[in-house]
């Protein structure tokens, strides 16, 4: 099963790969402007590759953290100090926007979180995360689309449909409810045409630089290799560079800010599989986190007065090992973070039933033990943003999860 | 080596002037004028009034603090941080860390971000980038960079050094970059940033009043690095006894603390109480006791030592000519150093007049700092842009500003910078810069104004065949002709 193969039944989906894509909103049916006072928006960012939650929001107050996370541990001192959130947690210094929103009461972290999935395959983990099903399987629809489809037919949110950002539709928003596709116009990275041209030039003119650059690019590819099961995380059409993340958020925000624009969107950012040279306060992961931070900023700016009713949630399939590996990276793990930002968020706090990092406290003696369920967070958002009932959420949106209560109180 | 073609033909004199000696071309440069007299172009920059200075009296630099004020600000901030920490009851683990958002009194107990030092550092970085972007060829800024790296301090050492690293360069390096080496040496070793960076404030003469009372002793760090790195050079014949003896002479050279007991907080002070009394010997010469003058006399002597002349000549030739500079060039530079009593303007002129500087292939890789500045000059980045992005780039490239890994500074060898990660990062940066550049002109014209007629056929072809102007500019910024100097 491939979670990104095109499913044929995506009615009204219009993927505009390039060329005037920003005007895609023109394809949307127009609705009368709603009279209601609250006009909630929900943006889901899927971070594919498994985000290292301990390097994103570091438990700098945990005495075991620095020892386990080694050279890449965040710290409140040193050249690039992490940005303190409370007395115990600090966010990666690559995320100043998130830290600012947190201080302004517009961002929250749920730490030590995981879905119900406990194995360590990216593909299955992403399936579970995006489908909302209790386990991996032949998923063709995502929880966000099923939530959209559950809204009453006349509902403003349902009518406007969902927005899928990127060259392919993330599973999380696939399904029966109408979804508009939008891709930022031409997002070449130094990863494609330019790289070939520079290498070609160096091959002819400067073999020393050619050899070095080639090795640097190889290391980058190795870093996305899957050390545990031998598979390789191939680019899946998502965005794996900071500029692209920012640009896609900018475009999505413009579409969503329109009175008749979509109220629900899904984006997928790739590249979080940091087995090699992950970096801490600076480096590979920090660059990506800077891109995510840029996306938060673009949503805040682009949504303008709508920001106050908006929730952005960033989720990932699982976390990474608490202890760094032999290549100054981390391998596939379990517990990680859910990042929430937006004017609708009751922010300024880190929500964590902190499990601790002593060997016996780690999940299977290696991973941050999960104490919160990502689905509970998502259910809480859907319940409080869109008024979906617990019964519906536990049955249709996240099947077989009735026992798992929505985490209320996330929305201000 | 890398550029085989240039082994046969001497490099384009305009590129020697702008890249080997300077910080890179800017779109508006008058290349015809430079080509007519490249040596004269460089020498004219050296003659500009106060060209090496960043003066806080200039209204553009109004926000810059002298080192005493900067260190005082850092001391005050540190005291406030400590008070805030002490106030905290510090629960080790907030079990379900759910605080009331905006809850009463919570903000007051949060640990403050070390903002003060970061702001000062950023302001200093901004002034430095502005100066480099506005310079003509940029030779003087290259010389400042060279000496700043030779006499480096690291902002990573402590907040006090982060706050004063920029002021250190403005106060101890720039005024002497075209002056006398001995004067720079004296200014550097008196500077609180250096004394703090190399731990001299902890060094106590065992026989001093304080030493006898507290049973504390010498810290040799500063003395050793002065001999090994700042003056004579490693393996030049000094012994451990010389290091120990010199360390004794330097005792008492310190910075007044926050309580002001010794003097104005943050300023240099000689503390006779910790100074090792009596005469001392360095390199066979005996210096009579008598306080601060003892080490000053020793510094004045070693500044003029033949080993120092050779050490400085070698480093300058390596920086401006090649990783393995020709021995005759080193010998001539050392002779100029000795003959002129370490006149650094004369040294700069001697470098410009070296035939080797104009015949050696442009094979050195630009350091990250020079690359970032050259790139910003090339894309017409206006002065006054916030420096955050450049500082980020420098961190990613492994040369964070005023933050070398050790007292020997950043490497000046090409091998150190042709790393796979470094090249990959340069590509990312070139692409970022090209994507964000405003009003990119015709790529062929950019090539003419930034590299010129000596460009290789391959580079010219790659740029003219680019898919977009952005890609053309990125290729130009990655071209060997742009990377090497």
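Chains as they are written, first to last, in the numbering used here: chain Z, 6 to 417; chain U, 1078 to 1562. We put the beta carbon where it would ideally sit given N, CA and C, even for glycine.
- In the three-state reduction of the DSSP assignment, residue 1449 of chain U falls in the helix class, which pools H, G and I.
- Linking residue 1390 of chain U to residue 1157 of chain U through their CA atoms gives a straight-line distance of about 46 Å.
- It is roughly 47 Å from the alpha-carbon of residue 1398 of chain U to the alpha-carbon of residue 301 of chain Z.
- Rounded to the nearest angstrom, the gap between the Cα atoms of residue 1092 of chain U and residue 1536 of chain U is 15 Å.
- The Cβ neighbour count for residue 1139 of chain U, taken over all protein chains shown within 10 Å, is under 16; the residue is labelled exposed.
- At a C-beta separation below 7 Å, residue 221 of chain Z has these neighbours in chain U: 1497, 1498, 1500, 1501.
- With its beta carbon less than 9 Å from one in chain U, residue 287 of chain Z belongs to the interface.
- In this structure, residue 1380 of chain U lies near residue 1262 of chain U, with their beta-carbon atoms less than 9 Å apart.
- Boundaries of the alpha helix (DSSP H) harbouring residue 202 of chain Z: 198-210, taken from the DSSP string.
- When rounded, the separation of the alpha-carbon atoms in residue 1318 of chain U and residue 1557 of chain U is 48 Å.
- For residue 116 of chain Z, the uninterrupted beta strand (DSSP E) segment begins and ends at 112-119.
- Assigned with DSSP and collapsed to three states, residue 1420 of chain U falls in strand.
- With a threshold of 16 other beta carbon atoms within 10 Å, residue 142 of chain Z falls short and is exposed.
- Distances from the CA of residue 99 of chain Z to each of Z:370, Z:338, Z:298, Z:399 were compared; the closest alpha carbon is that of Z:298.
- Taking the beta carbon of residue 317 of chain Z as reference, no residue of chain U falls within 8 Å; the closest one sits roughly 17 Å away.
- Residue pairing by DSSP puts residue 89 of chain Z in a beta bridge opposite Z:95.
- Cβ-Cβ distances below 7 Å link residue 1419 of chain U to 1257, 1258, 1259, 1380, 1381 in the same chain, with the five nearest sequence neighbours on each side left out; the list follows chain order.
- Nearest CB-CB separation between residue 1437 of chain U and chain Z: not below the 9 Å threshold.
- The Cβ-Cβ distance between residue 1272 of chain U and residue 1302 of chain U does not fall below 9 Å.
- For the region 291-330 of chain Z, the full-length beta strand (DSSP E) segments reaching 3 residues or more read 315-321 along the chain.
- Taking CB atoms only, residue 347 of chain Z has no neighbour in chain U less than 9 Å away.
- Within chain Z, the residues placing a beta-carbon under 7 Å from that of residue 1536 of chain U are 206, 210, ordered along the chain.
- At the C-beta level, residue 1547 of chain U and residue 202 of chain Z stay beyond 9 Å of one another.
- Between residue 1544 of chain U and chain Z, the shortest Cβ-Cβ separation is below 9 Å.
- Residue state for residue 350 of chain Z is assigned as strand, using DSSP reduced to three classes.
- Contact between the region 406-414 of chain Z and the region 142-154 of chain Z is absent: fewer than 3 CB-CB pairs across the two stretches fall below 8 Å.
- Within chain U, the residues 1508, 1509, 1512, 1513 have their CB atoms less than 9 Å from the CB of residue 248 of chain Z, given in chain order.
- Using a Cβ-Cβ cut-off of 9 Å, residue 251 of chain Z does not count as an interface residue toward chain U, since no Cβ of chain U sits closer than that to its own.
- Residue burial is scored here from C-beta neighbours: residue 363 of chain Z has fewer than 16 other C-beta atoms within 10 angstroms and is therefore classed as exposed.
- Apart from sequence neighbours up to five positions away, the residues of its chain that approach residue 1191 of chain U with a beta-carbon distance below 6 Å are 1236, ordered along the chain.
- Taking all protein chains shown into account, residue 1311 of chain U has fewer than 16 neighbouring C-beta atoms within 10 Å of its C-beta and is therefore exposed.
- Around the beta carbon of residue 1107 of chain U, fewer than 16 other beta carbons sit within 10 angstroms, so the residue counts as exposed.
- Just measuring C-alpha positions, the residue of U:1348, U:1323, U:1145 sitting nearest residue 1363 of chain U is U:1323.
- Of all residues in the region 1519-1533 of chain U, the ones placed with a Cβ closer than 7 Å to any Cβ belonging to chain Z are 1533, in chain order.
- Residue 1152 of chain U has a beta carbon lying at 9 Å or more from every beta carbon in chain Z.
- Within chain Z, the C-beta atoms nearer than 9 Å to that of residue 1560 of chain U come from 211, 214, in chain order.
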